[in-house]
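J.: Just add 4 to wherever you are in the sequence shown, counting from 1, and you've got the working numbering.
For glycine and all other residues, C-beta sits at the position ideal for the given N, C-alpha and C.
Below you'll find the structure I mean.
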Amino acid sequence: MNRNIPFLDLVTPHVELEEELVHVFRKALHTAGFIGGAALQNFEKNFAEFCQTNECVGVASGTDALLLAFLAGGIHPGETVLTVANTFIATAEAITQAGAVPEFVDIEEGTYTMDAQELRRYLESCPSDPVTGKRLSRRTGNPITAVVPVHLYGQMADMDSIMEIADEFGLQVYEDACQAHGAKYFSQRENRWLTAGSIGRAAAFSFYPGKNLGACGEAGAVTTNDPEIARKVRILRDHGQPRKYFHEAIGYNGRLDSIQAGILDVKLKHLSRWTEQRRAAAKVYDKLLSEIEGIFLPLERENFLSVYHLYVIHTRERDSIQQKLTKKGIGTGIHYPVPLHLQPAYAFLGYGEGDLPVTEASAAMTLSLPMYPNISSQDQEYVAQVLSCAMEEAIVTV
Ligand SMILES: Cc1ncc(COP(=O)(O)O)c(C=O)c1O
Numbered sequence: 005m006n007r008n009i010p011f012l013d014l015v016t017p018h019v020e021l022e023e024e025l026v027h028v029f030r031k032a033l034h035t036a037g038f039i040g041g042a043a044l045q046n047f048e049k050n051f052a053e054f055c056q057t058n059e060c061v062g063v064a065s066g067t068d069a070l071l072l073a074f075l076a077g078g079i080h081p082g083e084t085v086l087t088v089a090n091t092f093i094a095t096a097e098a099i100t101q102a103g104a105v106p107e108f109v110d111i112e113e114g115t116y117t118m119d120a121q122e123l124r125r126y127l128e129s130c131p132s133d134p135v136t137g138k139r140l141s142r143r144t145g146n147p148i149t150a151v152v153p154v155h156l157y158g159q160m161a162d163m164d165s166i167m168e169i170a171d172e173f174g175l176q177v178y179e180d181a182c183q184a185h186g187a188k189y190f191s192q193r194e195n196r197w198l199t200a201g202s203i204g205r206a207a208a209f210s211f212y213p214g215k216n217l218g219a220c221g222e223a224g225a226v227t228t229n230d231p232e233i234a235r236k237v238r239i240l241r242d243h244g245q246p247r248k249y250f251h252e253a254i255g256y257n258g259r260l261d262s263i264q265a266g267i268l269d270v271k272l273k274h275l276s277r278w279t280e281q282r283r284a285a286a287k288v289y290d291k292l293l294s295e296i297e298g299i300f301l302p303l304e305r306e307n308f309l310s311v312y313h314l315y316v317i318h319t320r321e322r323d324s325i326q327q328k329l330t331k332k333g334i335g336t337g338i339h340y341p342v343p344l345h346l347q348p349a350y351a352f353l354g355y356g357e358g359d360l361p362v363t364e365a366s367a368a369m370t371l372s373l374p375m376y377p378n379i380s381s382q383d384q385e386y387v388a389q390v391l392s393c394a395m396e397e398a399i400v401t402v
C-alpha cells in the first residue's frame with residue numbers, strides 16, 4: 005500500500021509549538037507591537053549569538069538580506085560579482101538589484117557548492133586594471149569586486165579556500181547562508197570551528213517557511229561583525245531613516261515584522277535539536293541508499309557539519325525516478341532544474357550551454373528527497389525501498 009510522505013512537513017513543528025506561537029500573536033495584538041520593539045531586538049540578539057556574530061539585522065526576506073548587505077557593504081553599479089548558477093535566483097537577482105553584474109563560477113561534484121579552483125582559474129585568466137590592480141571581467145571589462153559563495157542544501161562552501169583567494173584578489177565576500185542556519189566547518193586558517201554567516205563581510209539568511217528556521221510568512225536577516233554595515237542595513241531597511249522622517253539615504257521598506265521576529269525567537273530555541281534530527285535522518289538515508297546502484301549520495305566534506313536543509317541525491321534516471329516516487333506517494337523536489345546562466349532572465353549575460361559543465365550535469369541529475377526533523381525511519385525505509393525498485397527498473401529498461 006502507498007504511504008503518503010510529504011517532501012516537507014511544515015505542520016507538525018507548528019502544531020507542537022502552537023501555544024507559544026499563538027502567545028506571540030496575542031501579545032502583539034494586546035500591545036499593538038507590530039513593528040520594531042522588544043520582539044525584534046530579542047530575536048536579533050539571539051540569532052547573532054547563534055551565528056557567533058556581533059550583529060544581526062532582521063529584514064523582510066532573504067532576498068532583501070542579500071540586497072541590503074551588498075548595498076551596505078559597498079557593491080556598486082558597474083561592478084562584477086562572482087557567484088554560482090546552482091542556486092535559487094535570489095542570489096543573482098540581489099546582485100542585479102544592487103546594480104552590479106553577476107558572473108558564474110562552476111561548482112564541485114558531490115557538494116555542489118562553488119569550486120574554489122574554478123574561482124581561482126577564472127580570476128587568473130582575467131586581465132588586471134593597471135591603476136587599481138583589480139581583475140577585470142573577461143566578459144564585460146568590469147572590475148570584479150566581490151564573491152558570493154552559497155552554502156547550498158545546508159552545507160557551507162569551501163570557505164577557507166574562497167577566503168584565501170578573495171584576500172589575494174582583493175574581493176569582498178558575502179555569504180548566501182539562506183539554506184544553512186547553524187552549519188559549521190573547522191577552519192584550518194583560523195584553527196577553530198566557524199559558523200555560517202560569521203565569515204564574510206556580511207551574510208544573508210532567509211526565514212522563508214520551508215527553511216530550517218522558518219517564519220510563518222516572509223522574513224530574513226543580515227549577520228555581520230562590522231557595526232557600520234549593520235548600521236547601514238538598519239537604515240536601508242527602514243526608508244533610509246535613522247530617525248523617523250529624517251532620511252539619510254534612499255532606502256527600502258524591508259523591515260522584519262515583530263510578529264515574525266517573535267515566532268522566529270520561539271523556534272530558534274528548537275533549532276539545534278531539529279538540526280540534530282535532520283543530521284540523524286541524513287545518516288539513515290546514507291546507510292539505506294548506499295547500496296543502490298546508479299545513485300550518487302550527497303557528500304559531507306570532512307570537518308564540515310551540514311544542517312541538511314535538503315537531502316539531495318543525483319542520478320541519470322532522475323525524471324523517471326521522480327515520477328515513480330510521486331506515484332508511490334513520495335514528495336520530491338528539484339533544486340534546481342535550470343541553472344541561472346541558462347535562465348531566460350539572464351540571457352542578456354550571454355552564457356550558453358556547456359559554459360558550466362558540472363552545474364549543468366548536476367541540474368539534469370539532481371533530486372531532493374523528503375527531509376525534515378520529524379521524518380520517521382519507517383518512512384525513510386519506504387523511500388529507500390521504492391527508490392531501489394525504481395532504479396532497478398530504470399537500469400533494466402536502459
Ligand atoms: C540560496 C538562497 N538564496 C536566497 C534565497 C532568498 O530568500 P527569500 O525567499 O527569503 O527571499 C533563498 C530562498 O529561497 C535561497 O534558498
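Give me the Cβ distance between L70 and T95, rounded to the nearest whole Å; I'm assuming they're in contact under 8 Å.
T.: The residue given as residue 70 occupies position 66 in the sequence shown. The residue given as residue 95 occupies position 91 in the sequence shown. The beta carbons of L70 and T95 sit about 7 Å from each other, so the pair counts as a contact at 8 Å.
J.: In whole angstroms, give me the CA-to-CA distance for L353 and P147.
T.: Here the question's residue 353 lines up with position 349 in the sequence shown. Here the question's residue 147 lines up with position 143 in the sequence shown. Distance between the alpha carbons of L353 and P147: 16 Å.
J.: Out of curiosity, what's the CA-to-CA distance linking G244 and R235?
T.: Counted from its first residue, the sequence shown places residue 244 at position 240. Counted from its first residue, the sequence shown places residue 235 at position 231. The straight-line gap from Cα to Cα measures roughly 11 Å.
J.: Flag S65 as yes when its Cβ comes closer than 7 Å to any non-hydrogen atom of ligand 1, and as no otherwise.
T.: Residue numbering aside, residue 65 sits at position 61 when the sequence shown is read from its first letter. Yes, the beta carbon of S65 sits closer than 7 Å to at least one heavy atom of ligand 1.
J.: Taking 7 Å as the cut-off, is the CB of Y212 close to at least one heavy atom of ligand 1?
T.: Taking the first residue of the sequence shown as 1, we reach residue 212 at position 208. Yes, the Cβ of Y212 comes within 7 Å of a heavy atom of ligand 1.
J.: With DSSP as the reference, identify every bridge partner of C60, one or two as the case may be.
T.: Looking up residue 60 in the sequence shown gives position 56. In DSSP, C60 forms a bridge with T227.
J.: Consult DSSP for V152 and reduce its assignment to one of helix, strand or coil.
T.: Sequence index remark: in the sequence shown, residue 152 carries index 148 (1-based). In the displayed model, V152 falls within coil according to three-state DSSP, outside both helix and strand.
J.: To which residues of the same chain is S381 closer than 7 Å at the C-beta, ignoring the five residues directly before and after it?
T.: The sequence position of residue 381 within the sequence shown is 377, counting from 1. If we look at S381 and ignore the five residues flanking it on each side, its Cβ neighbours are V288.
J.: Can you check which of these residues, F300, V342 and Y315, is closest to Q384 by C-alpha distance?
T.: The count along the sequence shown starts at 1 and reaches residue 384 at position 380. Here the closest residue by C-alpha is Y315.
J.: Report back the beta-carbon spacing between L140 and G258 to the nearest angstrom; my notes put them in contact at under 8 Å.
T.: Taking the sequence shown and counting its residues from 1, the one referred to as residue 140 is at position 136. Taking the sequence shown and counting its residues from 1, the one referred to as residue 258 is at position 254. With a contact defined as Cβ atoms closer than 8 Å, L140 and G258 miss out at about 32 Å.
J.: For Y386, which residues in the same chain have their Cβ closer than 6 Å to its Cβ, ignoring the five residues on either side in sequence?
T.: Against the sequence shown, residue 386 aligns to sequence position 382. Closer than 6 Å at the Cβ level, and outside the excluded window around Y386, lie R7.
J.: Just how far apart, CA to CA, sit Y350 and Q192?
T.: As a working note, residue 350 is residue 346 in the sequence shown. As a working note, residue 192 is residue 188 in the sequence shown. Rounded to the nearest angstrom, the two C-alpha atoms are 37 Å apart.
J.: Rank A161, D162 and S262 by C-alpha distance to the C-alpha of L2 and give the top, closest one.
T.: What is shown of the chain runs 5 to 402, which leaves residue 2 out entirely.
J.: Using the beta-carbon count (16 or more within 10 Å), is A76 buried or exposed?
T.: Walking along the sequence shown from the start, residue 76 turns up at place 72. Flag for A76 reads buried.
J.: By DSSP, does M375 sit in helix, in strand, or in coil?
T.: Locating residue 375 in the sequence shown gives position 371, counting from the first residue. Looking at M375 - three-state DSSP - the assignment turns out to be coil, as it is neither helix nor strand.
J.: Between G214 and E179, is the Cβ-Cβ spacing less than 8 Å?
T.: The residue you call residue 214 lines up with position 210 of the sequence shown. The residue you call residue 179 lines up with position 175 of the sequence shown. No.
J.: For the putative contact between H339 and Y355, defined by C-beta atoms under 8 Å, what is the C-beta separation to the nearest angstrom?
T.: Residue 339 sits at position 335 when you count from the first residue of the sequence shown. Residue 355 sits at position 351 when you count from the first residue of the sequence shown. Not quite, the Cβ-Cβ distance comes to about 20 Å (not below 8 Å), so this is no contact.
J.: Where does the unbroken beta strand (DSSP E) through Y315 begin, and where does it stop?
T.: Along the sequence shown, read from residue 1 onward, the residue named residue 315 stands at position 311. Counted as a single uninterrupted DSSP element, the beta strand (DSSP E) harbouring Y315 occupies residues Y315 to H318.
J.: Return the Cβ separation of E107 and R143 in integer angstroms, given the expectation that the two are a contact with Cβ distance under 8 Å.
T.: What you label residue 107 is simply residue 103 of the sequence shown in a count that begins at 1. What you label residue 143 is simply residue 139 of the sequence shown in a count that begins at 1. Sure, about 6 Å apart at Cβ, within 8 Å.
J.: Using the C-alpha atoms, what's the distance from I299 back to K331?
T.: Reading the sequence shown from its first residue, position 327 is the one you call residue 331. Reading the sequence shown from its first residue, position 295 is the one you call residue 299. Between K331 and I299, the C-alpha separation is close to 20 Å.
J.: Take W278 and list the residues in its own chain whose beta-carbon comes closer than 6 Å to its own, dropping the five residues that flank it on each side.
T.: Counted from its first residue, the sequence shown places residue 278 at position 274. P377.
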